[in-house]
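Asker:
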Amino acid sequence: MRPHLLALLAKEPAHGYELKQALEQTFGSAYPSPNIGQIYVTLGRLEKDGLVRSVDVEQSNRPNKKVYYLTAKGRDALTAWVEEPTEGPRVRDEFFMKLVLAPLTGIADRMALISRQRRHYLSLMADLNDLLSGTDPRDRVAGLLIEGAMLHLQADLDWLERCQEDLA
Amino acid sequence: MSAVLKAVNLVKIYSGGALPVPAVRGVDLEVEEGEFVAVMGPSGSGKSTLVHMLGGLDTRTSGEIWLDGKRVDTLSESAWALLRREKVGFVFQFFNLVANMTVADNVELPALLAGISPKEARERRESLLAALNLGDRADAAPAQLSGGEQQRVALARALANKPSVLLADEPTGNLDSRNTRDVLRLLGEVHKQGQTIVMVTHDARVASLADRLVSLFDGQIVDDGRITRRRTGTAGEVIDLR
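Keeping their order, the protein sequence lines are chains S and W. As numbered in our numbering, the first sequence has no gaps in its residue numbers, which increase by one up to the final residue, 213. As numbered in our numbering, the second sequence has no gaps in its residue numbers, which increase by one up to the final residue, 489.
(1) Does S/Arg163 have its Cβ less than 8 Å from a Cβ in chain W?
(2) Using beta-carbon positions only, say whether W/Leu456 and W/Leu431 come within less than 8 Å of one another.
(3) So, with DSSP's three-state summary, where would you put W/Arg188?
(4) Among W/Ala265, W/Val350, W/Ala454, whose alpha-carbon lies nearest the alpha-carbon of S/Arg164?
(5) Check whether the stretch 300–319 of chain W and the stretch 249–266 of chain W are in contact - that is, three or more C-beta pairs closer than 8 Å.
(6) Taking the CB atoms as reference points, tell me whether S/Leu177 and S/Leu198 lie closer together than 8 Å.
(7) With a floor of 4 residues, list each alpha helix (DSSP H) that falls wholly inside the stretch 339–397 of chain W, ordered by position along the chain.
(8) For W/Leu413 and W/Gln442, what's the separation of their Cα atoms in angstroms?
(9) So, helix, strand or coil for S/Leu96, using DSSP?
(10) Taking C-alpha atoms, which residue in S/Ala55, S/Glu57, S/Glu63 lies nearest to S/Pro79?
(11) Which one or two residues does DSSP pair with W/Thr443 in a beta bridge?
(12) Comparing C-alpha positions only, which one of S/Leu189, S/Val86, S/Leu51, S/Ile152 sits nearest to S/Gly73?
(13) For W/Met300, does the count of other Cβ atoms within 10 angstroms reach 16, so buried, or fall short, so exposed?
(14) Since W/Val286 contacts W/Val469 with CB under 8 Å, what's their CB separation in whole angstroms?
(15) Would DSSP call S/Ala194 helix, strand or coil?
(16) The alpha helix (DSSP H) spanning S/Gly61 covers which residue range?
(17) Per DSSP, W/Trp313 is paired with what?
(18) Could you check whether W/Glu396 and W/Leu381 sit closer than 8 Å to each other, using their CB atoms as the reference points?
(19) So, does the stretch 89–105 of chain S touch the stretch 47–54 of chain S, judging by three or more C-beta pairs under 8 Å?
(20) Name the residues in the stretch 76–89 of chain S whose C-beta lies less than 9 Å from a C-beta of chain W; which are they?
(21) Specify, as a first and last residue, the run of the beta strand (DSSP E) that S/Tyr113 falls within.
(22) With a cut-off of 8 Å, does the C-beta of W/Ile363 fall near any C-beta of chain S?
(23) Give the DSSP-derived three-state secondary structure of S/Met142 in the structure shown.
(24) Just the Cα atoms here: how many angstroms apart are S/Glu103 and W/Thr427?
(25) Could you work out which residue in S/Ala194, S/Glu210, S/Glu57, S/Glu206 is closest to S/Arg120 when comparing CA atoms only?
(26) Taking the CB atoms as reference points, tell me whether S/Ser168 and W/Thr448 lie closer together than 8 Å.
(27) Kindly list, in the order they appear in chain W, the residues whose Cβ is closer than 7 Å to that of S/Leu198.
(28) Judging by CA-CA distance, which residue of S/Thr116, S/Ala147, S/His60, S/Gln83 is the nearest neighbour of S/Leu212?
(29) Counting only the same chain and skipping the five closest in sequence on each side, list residues whose C-beta sits under 7 Å from that of W/Arg473.
(30) Does DSSP classify S/Pro79 as helix, strand or coil?
(31) When you compare only the Cα positions, how much space is there between W/Arg318 and W/Pro357?
(32) Is W/Thr351 near W/Arg371, with beta carbons less than 8 Å apart?
(33) For the candidate residues S/Ala125, S/Leu158, S/Leu68, S/Gly133, whose alpha-carbon lies nearest to that of S/Met142?
(34) Going along the chain, which residues of the stretch 461–475 of chain W sit with their C-beta nearer than 7 Å to a C-beta in chain S?
(35) Exposed or buried, W/Ala230, counting other C-beta atoms within 10 Å across all chains shown (16 or more means buried)?
(36) Which residues, in chain order, does the stretch 129–155 of chain S contribute to contact with chain A at a C-beta distance below 7 Å?
What follows is the structure in structure tokens.
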């Protein structure tokens, strides 16, 4: 979450709760609602590393709030994050380990494992379908996130089929 | 609930070549009224052959096929063809629309052939095309449509005669995500209205609309079970952004 907060602060200084709202508004319904405690912990670490600084702003009838802003070092860190290539997703290998190892022990046969996994993936896909149809079509960021998850799941299913062809 | 479609120990062996090739090796399947069954499996597992046999487009080598309580595998080719007009809707990866007829006529024709009144056929056509966002293309010729639009017309046509069962073989095989979305929406809707569907697909989005998944491997059913809905409702459980 560190670079995400840096990016939001590069736009304008903000306090913790504003950052939470900005994340929710930008990513829409597809984003797991960020935990405010986690945001404050992350801001504290960024400040300790000199990537952000904070000032206390007085409020009438309320305790002071801390407004965070980006430092030059923070801006450099953000630029580095944007410019470095992003790692591709790792193959989700938990199931593959089961598939390769379980039959050796006689606990399960591969065909049964693959069949169960295929239905599980389709259940997940059904959830994503429901999620997409419940998402405002104008919310392109949320829509694209869900479509991305669907495409990954499709790849998992295609791979499952390859495993079935070669191993089962 | 009664079985709309039933296969008993269904076998297909292609014997044209040097060696006979078993494509379907003893499939038992019962599809209840209103059920949506997805059929998946690697290529060469017999999915397409199975669905073609169920619709009478390919002959069985042995076994039985029952449609709406009537045994159909023993029917003559023409008797099968007549029955199919009334009771079966087909949609394939390649759409086969009649080129010199308008979109509207392509969709109405199977309904008229099935004996539905012209008025009802027109209403049915209008609602199907509207559901697929094709209402304004009714008077176009198929050649004027994009591939995705033609495939949507093919789906509308397959549903025009209110078939007892809709059989589909990779109906979204050539579609981009936008066209797929319209097809998904219509399939979801007609299924909710009670349409029985048996569909071969590699597309997990389409398959996940089904109630039940049948997995084929080497011409046999290796898995047959329900696709459960968890209804978590929150995106956070499926999407993990770091």
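Think of the CB as a built atom: it goes at the ideal place given N, C-alpha and C, for glycine as much as any other residue. As the structure is a computational prediction, the values presented were derived from the model and not from experiment.
Answerer: In brief:
(1) Within the first sequence, numbered from 1, the residue matching residue 163 of chain S stands at position 118. Closer than 8 Å: yes.
(2) As a working mapping, residue 456 of chain W is identified with position 209 in the second sequence. As a working mapping, residue 431 of chain W is identified with position 184 in the second sequence. The answer is yes: Cβ separation under 8 Å.
(3) Coverage of chain W is limited to positions 248 through 489, which leaves residue 188 of chain W absent and any answer about it impossible.
(4) As a first step, residue 164 of chain S is located in the first sequence; it is residue number 119 there, counting from the start. For the residues W/Ala265, W/Val350, W/Ala454, the minimum Cα distance to S/Arg164 belongs to W/Ala454.
(5) yes
(6) Position 132 of the first sequence, counted from the start, is the residue given in the question as residue 177 of chain S. Position 153 of the first sequence, counted from the start, is the residue given in the question as residue 198 of chain S. No, Cβ-Cβ distance for S/Leu177 and S/Leu198 is not below 8 Å.
(7) 350–360, 365–378
(8) Taking the first residue of the second sequence as position 1, residue 413 of chain W is located at position 166. Taking the first residue of the second sequence as position 1, residue 442 of chain W is located at position 195. Each residue's Cα considered, the two are about 7 Å apart.
(9) Residue numbering aside, residue 96 of chain S sits at position 51 when the first sequence is read from its first letter. Coil at S/Leu96, not helix or strand.
(10) Looking up residue 79 of chain S in the first sequence gives position 34. S/Pro79 has its Cα closest to that of S/Glu63, out of S/Ala55, S/Glu57, S/Glu63.
(11) Translated into positions along the second sequence, residue 443 of chain W becomes position 196. Bridge pairing for W/Thr443: W/Val412 [DSSP].
(12) Mapped onto the first sequence, residue 73 of chain S falls at position 28. The option with the nearest alpha carbon to S/Gly73 is S/Leu189.
(13) Working through the second sequence from its first residue, we reach residue 300 of chain W at position 53. So W/Met300 counts as buried.
(14) By one-based count along the second sequence, residue 286 of chain W stands at place 39. By one-based count along the second sequence, residue 469 of chain W stands at place 222. Contact doesn't hold; Cβ gap of about 12 Å is too wide.
(15) Residue numbering aside, residue 194 of chain S sits at position 149 when the first sequence is read from its first letter. DSSP places S/Ala194 in helix when its eight states are reduced to three.
(16) Residue mapping note: residue 61 of chain S aligns to position 16 of the first sequence, counting from 1. First-last of the alpha helix (DSSP H) with S/Gly61: 61–72.
(17) Translated into positions along the second sequence, residue 313 of chain W becomes position 66. Partner(s): W/Lys253, W/Arg318.
(18) Here residue 381 of chain W corresponds to residue number 134 of the second sequence, with the count starting at 1. Here residue 396 of chain W corresponds to residue number 149 of the second sequence, with the count starting at 1. The answer is yes: Cβ separation under 8 Å.
(19) Yes: at least three Cβ pairs fall under 8 Å.
(20) Tyr76, Pro77, Ser78
(21) Start at 1 with the first residue of the first sequence, and residue 113 of chain S comes out as number 68. Note, S/Tyr113: beta strand (DSSP E), 107–115.
(22) Here residue 363 of chain W corresponds to residue number 116 of the second sequence, with the count starting at 1. So, not an interface residue.
(23) Against the first sequence, residue 142 of chain S aligns to sequence position 97. Here S/Met142 sits in helix by DSSP.
(24) One-based indexing of the first sequence puts residue 103 of chain S at position 58. One-based indexing of the second sequence puts residue 427 of chain W at position 180. S/Glu103 and W/Thr427: Cα-Cα distance of roughly 54 Å.
(25) On the first sequence, position 75 is the one that residue 120 of chain S refers to. Comparing Cα positions, the closest option is S/Glu57.
(26) Within the first sequence, residue 168 of chain S is the residue found at index 123, counting from 1. Within the second sequence, residue 448 of chain W is the residue found at index 201, counting from 1. No. Outside cutoff.
(27) Counted from its first residue, the first sequence places residue 198 of chain S at position 153. Simply Ala451.
(28) Position 167 of the first sequence holds residue 212 of chain S. Out of S/Thr116, S/Ala147, S/His60, S/Gln83, S/Ala147 has the C-alpha closest to the C-alpha of S/Leu212.
(29) Here residue 473 of chain W refers to the residue found at position 226 of the second sequence. Excluding residues within five positions, the ones whose Cβ falls inside 7 Å are Asp458, Arg459.
(30) Against the first sequence, residue 79 of chain S aligns to sequence position 34. If DSSP states are grouped into helix, strand and coil, S/Pro79 belongs with coil.
(31) For the purposes of this step, residue 318 of chain W is taken as residue 71 along the second sequence, with counting starting at 1. For the purposes of this step, residue 357 of chain W is taken as residue 110 along the second sequence, with counting starting at 1. Roughly 23 Å between the two C-alpha positions.
(32) The sequence position of residue 351 of chain W within the second sequence is 104, counting from 1. The sequence position of residue 371 of chain W within the second sequence is 124, counting from 1. Checking the displayed sequence, the identity of residue 351 of chain W turns out to be Ala instead of Thr. Cβ distance not < 8 Å, so W/Ala351 and W/Arg371 don't count as in contact.
(33) Mapped onto the first sequence, residue 142 of chain S falls at position 97. Of the candidates S/Ala125, S/Leu158, S/Leu68, S/Gly133, S/Leu158 places its Cα closest to the Cα of S/Met142.
(34) Result list: Ser462, Phe464, Val469, Asp470, Gly472, Ile474, Thr475.
(35) Not covered by the structure: residue 230 of chain W. The range shown for chain W is 248 to 489.
(36) Included in the structure are the protein chains S and W, with no chain A among them.
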